[in-house]
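Those sequence lines, one after another, are chains C and A.
All letters in the first sequence, in the order written, are residues 568 to 903 by the numbering used here.
All letters in the second sequence, in the order written, are residues 568 to 903 by the numbering used here.
All C-beta atoms in this analysis are idealised placements derived from N, C-alpha and C, irrespective of residue type, glycine included.
On a predicted model such as this, the values are computed, not experimentally measured, just so you know.
The structure appears right after this line, and notes come after that.
Number of protein chains: 2
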Amino acid sequence: MVSMKDISSACGVSVATVSKALNNHEDIGAETKRRIREVAKQMGYFPNSAAKALKTNRTQNLGVLFEEDDHSGLTHDYFACVLDSLKSAAEERGYDITFINSCRTRPNRMSFLEHCRYRGFDGVIIVCVNFLDPEVLELVNSDIPTVTIDHLFNNTCAIMSDNVKGMHDLLNYIYGMGHRRIAYIHGTESSVAQRRLSSFYKTVAELGLDIPDEYILPSAYRDTKAAYAATEKLLDLKERPTCILYPDDFACYGGINAIRERGLRVPDDISVAGFDGIRIARHLEPKLTTLKQDTNLLGRRAAEKVISLIEQPKTTLIEQIVVEGEVYVGNSVGKI
Amino acid sequence: MVSMKDISSACGVSVATVSKALNNHEDIGAETKRRIREVAKQMGYFPNSAAKALKTNRTQNLGVLFEEDDHSGLTHDYFACVLDSLKSAAEERGYDITFINSCRTRPNRMSFLEHCRYRGFDGVIIVCVNFLDPEVLELVNSDIPTVTIDHLFNNTCAIMSDNVKGMHDLLNYIYGMGHRRIAYIHGTESSVAQRRLSSFYKTVAELGLDIPDEYILPSAYRDTKAAYAATEKLLDLKERPTCILYPDDFACYGGINAIRERGLRVPDDISVAGFDGIRIARHLEPKLTTLKQDTNLLGRRAAEKVISLIEQPKTTLIEQIVVEGEVYVGNSVGKI
DNA sequence: TCAATCAATTTAAACGTTTTCGTATTATTT
DNA sequence: AAATAATACGAAAACGTTTAAATTGATTGA
Chain C
568 MVSMKDISSA CGVSVATVSK ALNNHEDIGA ETKRRIREVA KQMGYFPNSA AKALKTNRTQ
628 NLGVLFEEDD HSGLTHDYFA CVLDSLKSAA EERGYDITFI NSCRTRPNRM SFLEHCRYRG
688 FDGVIIVCVN FLDPEVLELV NSDIPTVTID HLFNNTCAIM SDNVKGMHDL LNYIYGMGHR
748 RIAYIHGTES SVAQRRLSSF YKTVAELGLD IPDEYILPSA YRDTKAAYAA TEKLLDLKER
808 PTCILYPDDF ACYGGINAIR ERGLRVPDDI SVAGFDGIRI ARHLEPKLTT LKQDTNLLGR
868 RAAEKVISLI EQPKTTLIEQ IVVEGEVYVG NSVGKI
Chain A
568 MVSMKDISSA CGVSVATVSK ALNNHEDIGA ETKRRIREVA KQMGYFPNSA AKALKTNRTQ
628 NLGVLFEEDD HSGLTHDYFA CVLDSLKSAA EERGYDITFI NSCRTRPNRM SFLEHCRYRG
688 FDGVIIVCVN FLDPEVLELV NSDIPTVTID HLFNNTCAIM SDNVKGMHDL LNYIYGMGHR
748 RIAYIHGTES SVAQRRLSSF YKTVAELGLD IPDEYILPSA YRDTKAAYAA TEKLLDLKER
808 PTCILYPDDF ACYGGINAIR ERGLRVPDDI SVAGFDGIRI ARHLEPKLTT LKQDTNLLGR
868 RAAEKVISLI EQPKTTLIEQ IVVEGEVYVG NSVGKI
């Protein structure tokens, strides 16, 4: 590897001059600068990130925290899309992305925070994780610039997909299609689930709908079996709903299976709506009517925010950034 | 950050002794070692990876190269699953994962190889990329231990999903279900596509089938529209196939749409089979009969291989590791 | 003309490790 | 008891940078 020393010898200047020339400092003569840069390029010089990091305490590297346990992180379309966009946005700004989470069963493993310190991440983005995990809290409460996605801590920046407005819009669309008996099979155990559920209640109240309790059923995210079972319950009701909302698109297909199994058609006999807007749903029949979350913007905002926390810590607000989604109109919700 | 110096002061020994104690060198007394380690733990010491890397030229960090252009990398179920498993396997062995590819439009961006040198990756895994890209070649031809997935270079280790056997098994299954008129809408422009196609020809020959030319149609991967169009062509034939193979599961649903649009049912009127085994396909109707590639093993083997190239360069063979998939029997292929 | 200012460059220390080689102490052999 | 070997530890250099402070030489102002 060619180092600054090599360049300095080649140019007959000191290493300091080379460093300053390459970093475009003010106090180096224009001609010297030009010469050094030319030689550097020609010799194929590239900085050594480790040395730079050691000296500056900056790595230009961001840590990303993803849930490992159930492999719902990377392999979940929503989060994968967020990560993809996050990554692009970070790279545009010269930051690389490294995964934080190391498997928990490793002997002598580091905590998330320890791992971050070890690697010297300039900032951290927490994408999808159990937010009650003590290790996550430790990380969030550290002095490392942190941004969370879809979860609100009191001392970090959060990029939030607007689940409240999302549910509101989706419900209004469905209402607009003439539906009055709307059931909601909702996710559980996350603040996102809570927000959607309360937005559901609020919106049906606004719309003056009277939704019976048995129309509201809990079901895990991305669990087609559970959604199937919940759907069956709804179909067994004497007065069955005309439209069913699901925790997410994936689960929605579990519900569709239950519906079809009874010889009912979507959307002719009963309508369904998903949530997320996973891409494959646009290519299947029925094309899911769903709330498409703006994964691209979510990832991008997260990267931008954490980088500005790193680079302008004073002027960057600790705030909650809300990213709106939009109703994607497929053909799973019919007109009544 | 607490450093070795802090520990050395606290213990009244030299930094060298601390380093050796923590790295479990032979020439440090048992009691001293114990004491140093205890103090280190108690002071919350963790090594500084940058300093360590600077000194040892080892980062314990692997670079992963993913295609960016069409975002078919991270957000593609197959590759996401491979990455997920890759990541777990690497982390079990103490290696972290960082993305290599930085966006190509950046001014003054580094080539892949430059990026790897800059970050000092100990090894590289190339997952999904245009293998003809000069930058990829430069990387592959460098002295950095490299493993490719699903592509064979002459000088690197390759982890290959067994597309030949996969196609063979899938065809045999379909044949076993009584199908004789089997069409293949195949992917293009990759060695994977080539291998599958030649395995298709070989297998139909073995089976003594006579497949007319018009049963073989090209179509891009994951392109539902193209698959739809190709399917229509097949359905227009005077003697239509009884089963259609698709480049991948995603595309297969495009084909299913075309079939259903004509009032035909899968698998009663016509059968279809996918390739990949993306998870959602098991939750949809029809459940795709497909060749499920072993993404878990692919990722794991890749991580293991690159790490052994790093840690035992002498004894590690440059070889091709083949990972078999298996026919996943859904209900999209019917009995004839 | 002499000090003062300024621009351009260098010196040297520092970042936190690892590692070679040397030294001091103790144990073993003769 | 002396020589030798083994054991435990330390000194110092090195890795490739950055940066504060010092230095040099030229230019300016009075």
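For Phe767 (chain C), the secondary structure class from DSSP, reduced to helix, strand or coil, is helix. Taking 3 residues as the minimum length, the beta strand (DSSP E) runs contained wholly in the segment 831 to 863 of chain A are 838 to 843 and 856 to 859, in order along the chain. Going by DSSP, Leu784 (chain C) is part of the beta strand (DSSP E) stretching over Ile783 to Pro785. In the three-state reduction of the DSSP assignment, Ile716 (chain A) falls in the strand class.
The beta-carbon of Asn824 (chain C) is placed less than 8 Å from the nearest beta-carbon of chain A.
Apart from the 5 residues on each side of it in sequence, Tyr795 (chain A) sits with its Cβ closer than 8 Å to the Cβ of Gly821, Gly822, Asn824 and Ala825 in its chain, given in chain order. Residue pairing by DSSP places Gln887 (chain A) opposite A:Ala725 in a beta bridge. Buried is the label assigned to Gln627 (chain C), since at least 16 other Cβ atoms lie within 10 Å of its Cβ. Per DSSP, the unbroken alpha helix (DSSP H) holding Asn739 (chain C) starts and ends at Asn730 to Gly743.
When the five nearest sequence neighbours on each side are left out, the beta carbons in the same chain lying within less than 6 Å of the beta carbon of Ile664 (chain A) are those of Leu629, Val631, Lys654 and Ala657, in order along the chain.
The beta-carbon of Ala840 (chain C) is placed no less than 8 Å from the nearest beta-carbon of chain A.
For Tyr685 (chain A), the C-beta contacts it makes with chain C under 8 Å involve Phe613, Pro614, Asn615 and Ser616, in order along the chain. Among the CB atoms of chain A, none fall inside 8 Å of the CB of Glu705 (chain C).
Counting only residues of its own chain and dropping the five nearest sequence neighbours on each side, Asp573 (chain A) has a CB closer than 7 Å to the CB of Met610. Three or more Cβ pairs closer than 8 Å define a contact, and the segment 729 to 742 of chain C meets that threshold against the segment 762 to 777 of chain C. In this structure, Ile783 (chain C) sits away from His746 (chain C), with a CB-CB distance that is not shorter than 8 Å. Between Leu801 (chain C) and Ala750 (chain C), the CB-CB gap stays under 8 Å.
When the Cα atoms are used, Cys819 (chain A) and Ile847 (chain C) turn out to be separated by approximately 11 Å. Residue pairing for Cys810 (chain A): DSSP places it in a beta bridge opposite A:Ile749 and A:Ser838. DSSP, read as helix, strand or coil, puts Ile778 (chain C) in coil. One thing to note: Leu621 (chain A) has its Cβ within 8 Å of the Cβ of Leu621 (chain C). For Phe767 (chain A), there are no neighbours in chain C by C-beta distance under 9 Å, as the nearest C-beta there is about 24 Å away. In the DSSP annotation of this structure, the continuous segment of the alpha helix (DSSP H) that includes Thr623 (chain C) starts and ends at Ser616 to Thr623. When DSSP reads this structure, Leu629 (chain C) sits in a beta bridge with C:Ile664 and C:Gly690. If the five residues before and after Glu871 (chain C) are omitted, its C-beta is found closer than 7 Å to the C-beta atoms of Ala656, all from its own chain and listed in chain order. Under a criterion of Cβ atoms nearer than 9 Å, the residues of chain A adjacent to Tyr820 (chain C) are, in order, Ile847, His850, Leu851 and Glu852. In terms of Cβ geometry, Asp861 (chain C) and Glu891 (chain C) form a close pair [threshold 8 Å].
Tyr788 (chain C) is not bridged by DSSP to any residue.
For Met568 (chain C), the closest Cβ of chain A is nearer than 8 Å. Looking only at A:Met727, A:His643, A:Ala607 and A:Phe720, the smallest Cα-Cα distance to Arg868 (chain A) is reached by A:Met727.
Following the DSSP letters along the chain, one finds Tyr612 (chain A) in no alpha helix (DSSP H), marked with neither H nor E. By the neighbour-count definition (other C-beta atoms within 10 Å, threshold 16), His682 (chain C) is a buried residue. In this structure, Tyr813 (chain A) lies away from Lys859 (chain A), with their beta-carbon atoms at least 8 Å apart. Counting C-beta pairs closer than 8 Å gives fewer than three between the segment 877 to 885 of chain C and the segment 896 to 903 of chain C, which falls short of the contact rule.
Against chain A, the CB of Asp651 (chain C) has a partner CB under 8 Å away; the residue lies at that interface.
Distance from Val694 (chain C) to Phe646 (chain C) at the Cβ level is roughly 6 Å; contact confirmed, criterion being Cβ atoms closer than 8 Å.
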